[in-house]
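When we follow full-length UniProt numbering, the leftmost residue of the sequence shown carries the number 1, and every step to the right adds one.
Okay, structure first, notes after.
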Amino acid sequence: MTVVTHRVTICRVIVSFKDPDARLLYETGKSRRIPATLRKAAMRKLVTLNNVDELDHLEIPPGNRLEPMKGDRTGQHSIRINDQFRVCFIWRDGNAYEVEIVDYH
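Rendered as structure tokens:
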């Protein structure tokens, strides 16, 4: 008799959240702060962020508008949910840290 075993490694790109509401949205699909009309798009961006293994993979689709941030957010990157909201995060060693959803207007 041959026994076959498989080891499954679950990769987790999002390591930490800076914004408790972003964590709540990611874990439950609910949010107190994110408008209901944007929750699906915001969730899609968080799932996309969690599924990439290289930062430049976020350049596709172009609508993500991946960009390094400046000023007091130097060291962070962002992808756009829409013209008003962004998912901001620190990318280090293939993982996303301090993930937050930010209202830019």
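All C-beta atoms in this analysis are idealised placements derived from N, C-alpha and C, irrespective of residue type, glycine included.
Can you tell me whether DSSP reads residue i as helix, strand or coil?
i, result
"P68", "strand"
"R33", "coil"
"V15", "coil"
"H77", "strand"
"M21", "The question names Met, yet the displayed sequence has Asp at residue 21. D21 falls in the helix class under three-state DSSP."
"E54", "coil"
Who are residue i's beta bridge partners in DSSP?
i, result
"V47", "For V47, which the question treats as bridged, DSSP gives no partner whatsoever."
"I60", "Answer by DSSP bridge pairing: none, since I60 is not bridged."
"E97", "Residue 97 is actually Tyr in this sequence, not Glu. Y97 pairs with I90."
"D103", "F85"
Figure out for me which residue from the options has the closest Cα to the Cα of residue i.
i, options, result
"R39", "P62, F85 and E54", "F85"
"E59", "T74, R80 and A96", "R80"
"A42", "L55, L24, G94 and D56", "L24"
"N95", "D53, S31, K30 and R44", "D53"
Buried or exposed: which applies to residue i, given that a residue is buried once 16 or more other Cβ atoms fall within 10 Å of its Cβ?
i, result
"D103", "exposed"
"L19", "It is worth fixing the name first, because residue 19 is Asp in this sequence and not Leu. So D19 ends up on the buried side."
"A36", "exposed"
"S16", "exposed"
"V47", "exposed"
"F57", "For the sequence presented, residue 57 should be read as His rather than Phe. Exposed, by the Cβ-count rule."
"K45", "buried"
"H77", "buried"
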